[in-house]
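The numbering of the sequence shown is UniProt numbering, which starts it at 1 and goes up by one.
Beta carbons are placed, not taken as given, at the ideal position from N, Cα and C, and that holds for glycine.
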Amino acid sequence: MRRCAECDLDNQQNRDHPICIPLPSNDIKGCIISRDPTSAFIEPWKEPIITKGNFKFSNGEVPPKWLCKRIQSFMGFTPDSVEAKKLHTFFDLNCYWTHFHKCPTDKHGKGFPQFSYPNGKICADKWFEFECIKYDLNDKILILLGRDVERYFQERPDHPLLKSKYVFFLPHPSAANCGKGWSWNKCKSPDDPDLIKLNERLTKLMACITK
Numbered sequence: 001m002r003r004c005a006e007c008d009l010d011n012q013q014n015r016d017h018p019i020c021i022p023l024p025s026n027d028i029k030g031c032i033i034s035r036d037p038t039s040a041f042i043e044p045w046k047e048p049i050i051t052k053g054n055f056k057f058s059n060g061e062v063p064p065k066w067l068c069k070r071i072q073s074f075m076g077f078t079p080d081s082v083e084a085k086k087l088h089t090f091f092d093l094n095c096y097w098t099h100f101h102k103c104p105t106d107k108h109g110k111g112f113p114q115f116s117y118p119n120g121k122i123c124a125d126k127w128f129e130f131e132c133i134k135y136d137l138n139d140k141i142l143i144l145l146g147r148d149v150e151r152y153f154q155e156r157p158d159h160p161l162l163k164s165k166y167v168f169f170l171p172h173p174s175a176a177n178c179g180k181g182w183s184w185n186k187c188k189s190p191d192d193p194d195l196i197k198l199n200e201r202l203t204k205l206m207a208c209i210t211k
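In structure tokens:
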């Protein structure tokens with residue numbers, strides 16, 4: 001993994017982080033941005049094990065798979081429904097996955113640094129515009145996961161990626177994110193503003209995916 005001289009991680013012990021999540025196909029219709037790859041992702045997603053065209057996100061325990069399952073459950077799609085099949089096709093074949101903070105992290109700081117928002121900003125400032133241009137993401141479906149990613153783009157309303165007409169801020173799909181606030185908990189009161197907002201966004205997202 002390339003390292004950024006502006007980031008203080010560059011001053012730490014040099015480590016080999018050969019993480020490469022290739023494009024699943026040449027027909028990219030969307031992009032997922034999650035916060036950071038944890039150290040647990042390193043071996044399962046290590047080159048040359050993963051190469052373009054021979055993997056699906058649904059085969060690994062990673063945010064794209066979690067998100068697919070969350071949406072399917074929240075919207076009440078049965079596994080054999082047209083909507084569920086189109087959802088899986090989108091995430092497996094038509095969606096590019098990247099991160100706000102590119103280097104691996106560990107929440108306990110064991111072997112890898114803990115997540116740092118300032119480091120994430122340096123990384124995103126350096127790479128997001130490059131990715132936007134390289135993969136022509138301006139007119140694609142853009143799915144932004146979690147509060148840190150949301151904060152970054154809210155602080156930059158003129159960012160090139162936000163020129164897309166299809167930008168969706170969603171809660172992070174981890175199993176732990178089912179609480180009272182901005183989460184995937186669908187057992188809240190029907191009047192809960194977060195629940196209403198999430199339902200509206202998912203309805204619009206599915207309209208984009210299935211059209």
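Neighbour-count burial assignment, Tyr117, 16 or more Cβ in a 10 Å radius: In the sequence shown, residue 117 corresponds to position 117, counting from 1. Answer is exposed; the Cβ neighbour count stays below 16.
Of the residues Asp139, Gly179 and Tyr152, the one placed nearest Lys163, counting alpha carbons only: Start at 1 with the first residue of the sequence shown, and residue 163 comes out as number 163. With distances taken between Cα atoms, Lys163 lies closest to Asp139.
Residue environment, residue 296, which counts as buried when at least 16 other CB atoms sit within 10 Å: There is simply no residue 296 to check, as the chain begins at 1 and stops at 211 in what is shown.
Segment contact flag, the stretch 172 to 183 with the stretch 61 to 81, C-beta cutoff 8 angstroms, min 3 pairs: yes
Close Cβ partners of Leu205 (< 6 angstroms) along its chain, the five nearest in sequence each way excluded: Locating residue 205 in the sequence shown gives position 205, counting from the first residue. Excluding positions up to five away in sequence, the list reads Phe168.
The stretch 23 to 32 touching the stretch 85 to 95, judged by at least three CB pairs closer than 8 angstroms: yes
N- and C-terminal bounds of the alpha helix (DSSP H) containing Phe74: As a first step, residue 74 is located in the sequence shown; it is residue number 74 there, counting from the start. Pro63 to Met75 is the span of the alpha helix (DSSP H), which, as asked, contains Phe74.
Residues near Pro160 by beta carbon distance below 6 angstroms, same chain, minus five either side: Within the sequence shown, residue 160 is the residue found at index 160, counting from 1. Cβ neighbours of Pro160 beyond the five flanking positions: Glu129 and Cys132.
Continuous alpha helix (DSSP H) assignments of at least 4 residues falling wholly in the stretch 134 to 179: 147 to 154
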